[in-house]
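Here is the structure we will look at, set down as structure tokens.
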Amino acid sequence: MLMTIDHLSIHSPIDSFVDSLAESNLTCYASDLLEQQGCQNLQELSEAVKRATEVCNCMHVPLHENFKVVYRSRNGEVVQDWRMSRMAYLLTVLNADSRNAFVAQLQLEMVNQMLRHT
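Reminder that position 61 of the sequence shown reads as 95 in the numbering used here, one-by-one numbering, no gaps.
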């Protein structure tokens, strides 16, 4: 079997420090939205996260500073989750199902706050 190394990535201490700083801002878990009943299931949550990452991509916001895929135990199973910045978490909530009372309330509160500051 032939194996090649296409790209060898060596993290310098500076790169590691920058990564640590970025990770220190990832204070929320996407699964918290399930617990707050903002999403009904993991599929709905995944779709909301996908839309939030699309917002960041569109606005050139670095994903690695706001989202990180992690794996956690949930009901005895290992499931995918995301560690997120507060901004990414709010974007995820805003992109969840607006027929959900928790999501709709947050959307309304954010609009009211924006109107008060204009």
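Each residue gets a CB set at the ideal place from its N, CA and C atoms; glycine is no exception.
Model, not experiment: these values are computed from the prediction.
- Here C62 is buried: its Cβ has 16 or more other Cβ atoms, across all protein chains shown, within 10 Å.
- DSSP places Q77 inside the alpha helix (DSSP H), whose first and last residues are L76 to C92.
- Secondary structure at S119: coil, using DSSP grouped into helix, strand and coil.
- A check of alpha carbon separations from V113 across S119, M121, R120 and V104 identifies V104 as the nearest.
- Taking all protein chains in view, the Cβ of D115 is crowded by 16 or more other Cβ atoms within 10 Å, so the residue is classified as buried.
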